[in-house]
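Take 606 as the starting number for the sequence shown in the numbering used here and just add one per residue. Glycine included, C-beta positions come from ideal geometry on N, C-alpha and C. If you're wondering where the values come from, they're calculated on a predicted model, not measured in any experiment.
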Amino acid sequence: MVELLRPEDTIKLAVQLESVNPVRVRYLIIVSTLGNKDESILLGMDFPNPQSNQCTIGLVLPIWSDTQVYLDGDGGFSVTSAEETRIFKPVSMQTMWSVLQVLHGCCERSVKTALIPGTGLEWAEHYRRHIESERVCRNEWEAMDDLESVRKDSDRSSAEDRVSGEALIKEHLRDIMMTENLDNLTCKMVHTALKARLGFDLRPFREYIDNEILVTMAQMDKPSQIFEYLYLGSEWNAANFEELQKNNVGYILNVTREIDNFFPASFTYMNIRVYDVEATNLLSHWPDTYNFINNARKSGQAVFVHCKMGISRSASTVIAYAMKQCHWPLDVALAYVKERRSIIKPNEGFMKQLQTYSGILSVVPSVNRSGRMNLFSLMQSISELDDDLPGNEKVKIGT
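Given below as structure tokens:
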């Protein structure tokens, strides 16, 4: 793929697209040039099969100041540039989210530099002269069969029915996206899952569904500031070095079994190696995570707490921290964190442990008149609370 580029050109992003032929592999490449970094073009690359190292160019589409990007309501998006429209369907929602972000930046730069069609991007002609994909491949790049899906469907339903339908869709869509691996999940799979769950015609809601997918992706993609010194987010945020630096992060709490520490030489890490299953005992780790977060606060740097998606494991740990640090009951801490990161959803096992932890915290401050803790009362309460823990594991009490 890189061999087809001029030496002065660079790939900004490469994403795999769906293909009509299950054997062929198609990639959409966003390319810029060192001569003018504000100029970008889209290249369509065709591989004859997944094992092939050789590819050909099947599409060249310059990004002008009039370039527009639309969701097509069918799991993809269309790009219209200089009255030429092409349709692209990334293989997953994560790849679509990535390409839409980069495309948005390219379009903004082309507008600022007034790249009117025919007045620049001469270097795109080099690639046009090297379009060598077979006609069957070029036909797929030029296909317009789904163009009608960018138009709004006529909706004869009442406004009340539509609002009710959108509320149901939003609830179930978020649940689907929070429980599936976004690296493998496609928009089409989301549409299919929604239809199976809701059982009514979703065609009038196609545009709404795609917009909600992007809104949810944006919320999941950005770290959420819970306190001035505490951010909650996902694996993607944990791998974004520039973003971590921008947020003054010096400490990272990794609450996953499956994700490595990306920058061990640059940040102070703490690892809680657990899976997001109801049987996992998170409660026993919360005294240590509380101390780790407080050490970050006292240092003057921020701490970033993450799991895979910033929804269950890490969210539960942040809620537990808020309960202890702010002396809040569970409902207040949960509402506070959810207000700042609306997608959080601790699994049922973690919610039970948060309830247990809330009970422990309500007991720990109790002291007798002499200022000493009533240990008999404390241990009796903990013994009762322990019965709710997975496997009846005992609680580690810490400061």
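C-beta contact flag for residue i and residue j at 9 Å
i, j, result
"Thr791", "Ile948", "no"
"Ala920", "Lys950", "yes"
"Ser917", "Asn876", "no"
"Leu622", "Ile668", "no"
"Ala907", "Tyr856", "yes"
"Thr685", "Cys711", "no"
"Pro809", "Gly915", "no"
"Arg743", "Leu664", "yes"
"Ser657", "Ala719", "no"
"Ala925", "Thr885", "no"
"Leu966", "Lys929", "yes"
"Glu608", "Thr661", "no"
"Ala844", "Phe909", "no"
"Arg902", "Glu745", "no"
Residue i versus residue j: straight-line alpha-carbon distance, rounded
i, j, result
"Phe867", "Arg740", "44 Å"
"His796", "Glu765", "22 Å"
"Thr615", "Ser637", "6 Å"
"Glu747", "Arg691", "6 Å"
"His911", "Thr861", "8 Å"
"Glu785", "Gly838", "17 Å"
"Val628", "Leu648", "20 Å"
"Leu618", "Asp643", "15 Å"
"Asp651", "Leu835", "45 Å"
"Asn626", "Leu858", "44 Å"
"Leu807", "Glu688", "30 Å"
"Leu888", "Ser963", "11 Å"
"Leu1007", "Leu939", "A question about residue 1007 goes unanswered here, because the residues of the chain that appear run from 606 up to 1004."
"Ala798", "Leu639", "44 Å"
"Thr961", "Ile818", "35 Å"
"Trp841", "Phe897", "22 Å"
"Thr700", "Leu676", "14 Å"
"Val882", "Phe955", "9 Å"
"Ser754", "Lys694", "With a pLDDT of 41 at Ser754, under the threshold of 50, the modelled position of that residue is not reliable, and no figure is offered here."
"Ile831", "Met783", "20 Å"
"His890", "Val674", "46 Å"
"Asn654", "Pro722", "35 Å"
"Asp865", "Ser871", "14 Å"
"Ser624", "Arg767", "34 Å"
"Asn900", "Leu935", "23 Å"
"Val968", "Val937", "18 Å"
"Val620", "Gln706", "12 Å"
"Ile814", "His932", "40 Å"
"Pro892", "Lys775", "36 Å"
"Arg878", "Ser715", "45 Å"
"Arg1048", "Lys800", "Residue 1048 lies beyond the range of the chain shown here (606 to 1004); nothing can be said about it."
"Ser697", "Thr724", "35 Å"
"Tyr880", "Val923", "16 Å"
"Gly905", "Glu863", "29 Å"
"Glu847", "Phe805", "44 Å"
"Glu833", "Glu613", "43 Å"
"Gln659", "Leu726", "26 Å"
"His735", "Pro869", "44 Å"
"Asn816", "Lys793", "14 Å"
"Asn641", "Lys957", "57 Å"
Nearest-angstrom beta carbon gap, residue j and residue i [assumed within contact, 8 Å]
i, j, result
"Ile646", "Leu666", "7 Å"
"Trp702", "Asp788", "Between Asp788 and Trp702 the Cβ distance is about 11 Å, and since that is not below 8 Å, they are no contact."
"Leu610", "Val704", "At roughly 18 Å, the Cβ-Cβ gap does not stay under 8 Å, so Leu610 and Val704 are not in contact."
Check: residue i C-beta below 8 Å from any heavy atom of the ligand GTP
i, result
"Glu689", "Absence of the ligand GTP is noted for the structure shown, with no ligands found whatsoever."
So, do the stretch 713 to 731 and the stretch 770 to 779 have three or more beta carbon pairs nearer to each other than 8 Å?
-> no
Quick one: complete alpha helix (DSSP H) runs, 4+ long, within the stretch 791 to 821?
-> 792 to 803
Just list the alpha helix (DSSP H) runs in the stretch 849 to 910, keeping only unbroken ones of 4 residues or longer that don't cross its boundaries, in chain order.
-> 891 to 904
Quick one: any contact between the stretch 931 to 945 and the stretch 846 to 855, if contact means 3 or more CB pairs under 8 Å?
-> Using a Cβ-Cβ distance cut-off of 8 Å, the stretch 931 to 945 and the stretch 846 to 855 are not in contact, since fewer than three pairs of beta carbons, one from each stretch, lie closer than that value.
Inter-stretch contact (C-beta, 8 Å, three-pair minimum) for the stretch 773 to 788 and the stretch 681 to 689 = no
With a floor of 3 residues, list each beta strand (DSSP E) that falls wholly inside the stretch 642 to 675, ordered by position along the chain.
-> 661 to 667
Go through the stretch 671 to 745 residue by residue and report every complete run of the beta strand (DSSP E) that reaches 3 residues or more, in order.
-> The qualifying runs are 673 to 676, 682 to 686, 689 to 693.
Which whole runs of the alpha helix (DSSP H) in the stretch 901 to 955 are 4 residues long or more, in chain order?
-> Secondary structure within the stretch 901 to 955: the alpha helix (DSSP H) runs of 4 or more consecutive residues, fully enclosed, are 918 to 931, 935 to 945 (chain order).
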